[in-house]
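This report refers to the structure that appears directly beneath it.
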């Protein structure tokens, strides 16, 4: 059954508004009671400033970012569309908890391309949760809520790549549960993992299954462009030189990143979350955002 996220938001907006207004009305009734009781009506008003109401109204961009965060949680298995509440935060993994959206198998989701990785998994989530027929309209609604310009898929991908992690860190008060692997300032490689699914083999898998192949892809593309440059002239030659220069920069960053990931992978590092996120983050900080 297909559904529009915009309709879901309208329902949620009404629920939040009704709850907000009800609480405001109740607080003002209490204020009026005590004002009458103590006879201080000439000194203060029973009205309550909306800033001090303890429940919040629905804000579209915030709710859409929360939806994306929930979707990422489902992709990693923290949540499930088939079970209410928190589904996995350590302990025994129960595959039967997931049927609508199957979590990623290896706990690594790249954010390098719209063809695969986290973005592709997010598209699958929206299709599974809201239906294939409304996918395009839902993507347009999400992209508009994020405030981006351009093709919706590109807007959503750029949010995942550039802003999702920083938003996540703020929400979790610098104690993130998803950690971002990052090669460096050029962004040659980015990926997320869920800390509750980390194990001693994760970094080796990251190196061999993702970082090295990414580096090899850059080398192959650089070789291809270099061969094209030898037989090209005119304006196209200038564009090729620019692309080659960009790829060389990315490749240098990737080669350095391989060394850093490899060095940590050899250590078979354990994380003990009882020691806190900050303490454990230090163990992998050389390859993290």
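Numbering (my numbering), first residue to last: 1 to 289.
Where is the CB? At the ideal position from N, CA and C, for every residue including glycine.
Q.
Between the alpha carbons of residue 119 and residue 275, how many angstroms are there, rounded?
A. Against the chain shown, residue 119 aligns to sequence position 119. Against the chain shown, residue 275 aligns to sequence position 275. Their Cα atoms are separated by approximately 32 Å.
Q) Under three-state DSSP, which class holds residue 83? A) In the chain shown, counting from the first residue as 1, residue 83 sits at position 83. Reduced to three states, the DSSP call for residue 83 is strand.
Q | residue 80 classed as buried or exposed, judged by whether at least 16 other C-beta atoms fall within 10 angstroms | A | For this step, residue 80 is matched to residue 80 along the chain shown. Answer is buried; the Cβ neighbour count reaches 16.
Q. Just curious, the beta strand (DSSP E) that residue 238 is in, first and last residue?
A. Walking along the chain shown from the start, residue 238 turns up at place 238. Taken as a continuous stretch (DSSP letters only), residue 238 belongs to no beta strand (DSSP E), being part of the alpha helix (DSSP H) at 235–265.
Q | Three-way DSSP call (helix, strand, coil) for residue 191 in this model | A | Taking the chain shown and counting its residues from 1, one reaches residue 191 at position 191. It is a strand residue.
Q) Taking DSSP as the reference, what is the three-state secondary structure of residue 130? A) Counting from 1 along the chain shown, the entry for residue 130 is found at position 130. Note: residue 130 maps to helix in three-state DSSP.
(Q) My assumption, with CB atoms under 8 Å, is that residue 316 sits in contact with residue 207. Please give the rounded CB distance. (A) Coverage of the chain is limited to positions 1 through 289, which leaves residue 316 absent and any answer about it impossible.
Q | Distance between beta carbons of residue 111 and residue 192, contact taken as under 8 Å | A | Taking the chain shown and counting its residues from 1, the one referred to as residue 192 is at position 192. Taking the chain shown and counting its residues from 1, the one referred to as residue 111 is at position 111. Right, their Cβ atoms sit about 7 Å apart.
(Q) Less than 7 Å separating the Cβ of residue 250 from some heavy atom of the ligand MG? (A) Among the ligands in the structure shown, none appear at all, so the ligand MG cannot be discussed.
Q: Could you please give the first and the last residue of the uninterrupted alpha helix (DSSP H) stretch that includes residue 144?
A: In the chain shown, counting from the first residue as 1, residue 144 sits at position 144. In the DSSP assignment, residue 144 falls within the unbroken alpha helix (DSSP H) covering 135–146.
Q: State the beta-bridge partners of residue 180 as determined by DSSP.
A: For the purposes of this step, residue 180 is identified with residue 180 of the chain shown, where counting begins at 1. According to DSSP, which records beta bridges pairwise, residue 180 is partnered with 192.
Q: Can you tell me the Cβ-Cβ gap for residue 178 and residue 211, rounded? I've got them flagged as a contact below 8 Å.
A: If you number the chain shown from 1, residue 178 lands on position 178. If you number the chain shown from 1, residue 211 lands on position 211. Not confirmed; about 18 Å, so no contact.
Q: On a CA-only basis, which of 77, 130, 185, 129 is nearest residue 105? Give me that one, please.
A: The count along the chain shown starts at 1 and reaches residue 105 at position 105. Considering only 77, 130, 185, 129, the residue with the shortest C-alpha distance to residue 105 is 77.
Q: Just mark residue 73 as buried or exposed, buried being the case when its beta carbon has 16 or more other beta carbons within 10 Å.
A: Here residue 73 is taken as the residue at index 73 of the chain shown, counted from 1. By the 10 Å Cβ count, residue 73 comes out buried.
Q | Of the listed residues 143, 132, 199, 228, nearest to residue 272 (C-alpha basis) | A | Residue 272 sits at position 272 when you count from the first residue of the chain shown. When each option's Cα is compared against that of residue 272, the closest is 199.
(Q) Pull the bridge partners of residue 110 from the DSSP assignment, please. (A) Within the chain shown, numbered from 1, the residue matching residue 110 stands at position 110. Residue 110 pairs with 191.
Q: Identify the continuous alpha helix (DSSP H) that holds residue 281 and give its terminal residues.
A: Position 281 of the chain shown holds residue 281. It spans 277–284 - the alpha helix (DSSP H) in which residue 281 sits, taken as one unbroken run.
Q. Is DSSP giving residue 271 helix, strand or coil here?
A. Working through the chain shown from its first residue, we reach residue 271 at position 271. In this structure, residue 271 counts as coil in the three-state DSSP scheme.
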